[in-house]
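In full-length UniProt numbering, the protein residues as written are 1 to 153. Contents: one structure, followed by commentary.
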């Protein structure tokens with residue numbers, strides 16, 4: 001499974017807004033520049049996030065966007081599902097009848113476990129927890145090497 005740019009960028013937008021949660025609203029151009037997301041694409045993502053109640057907008061010269069949802073309650077899994085749907089690593093995970101070998105297939109069980117582990121990991125990481133481990137530095141937030149691998153298994 002390869003995540004789309006939309007879901008990856010959505011997480012970065014939420015991280016950026018969470019980082020400035022107590023400050024002034026952030027304009028689209030600023031988010032675009034800080035997160036290296038094309039403005040037109042960013043506007044689509046922001047529209048979706050606003051429609052689902054994650055963010056809110058403010059008009060005027062000091063207008064922009066702010067995080068509305070609690071960063072503790074937003075998981076990466078939630079955002080991935082929103083933008084990707086509930087996807088599995090391979091089709092036979094949810095549709096075993098689609099493969100005539102699935103009844104005896106030993107490999108299918110690995111794919112089922114891998115899919116479950118992937119979503120368990122994504123569901124365990126919140127916007128707040130990633131900001132906390134990176135001390136608010138989003139360059140560090142994009143680097144997952146500071147996570148202890150055993151925390152997720």
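Here a beta-carbon is modelled for each residue, glycine too, at the ideal position from N, C-alpha and C.
Notebook entry, point to check: Per DSSP, residue 26 is paired with what?
Noted result: 65
Note to self: Is the beta carbon of residue 62 closer than 8 Å to that of residue 24?
What the structure shows: yes
Next item on the list: Tell me whether residue 150 is buried or exposed, calling it buried when 16 or more other Cβ atoms sit within 10 Å of its Cβ.
Entry: A caution first: residue 150 carries a pLDDT of 40, below 50, which makes its placement in the model unreliable, though a value can still be read off. Classification of residue 150: exposed, given that the 10 Å Cβ count is below 16.
Margin query: By the three-class DSSP mapping on this structure, what secondary structure does residue 56 have?
Written below: strand
Check: By the 10 Å Cβ neighbour count, where 16 or more other Cβ atoms means buried, how is residue 19 classified, buried or exposed?
Finding: buried
Check: How big is the Cα-Cα spacing for residue 66 and residue 74?
Finding: 14 Å
Note to self: Are the CB atoms of residue 10 and residue 58 within a distance shorter than 8 Å?
What the structure shows: no
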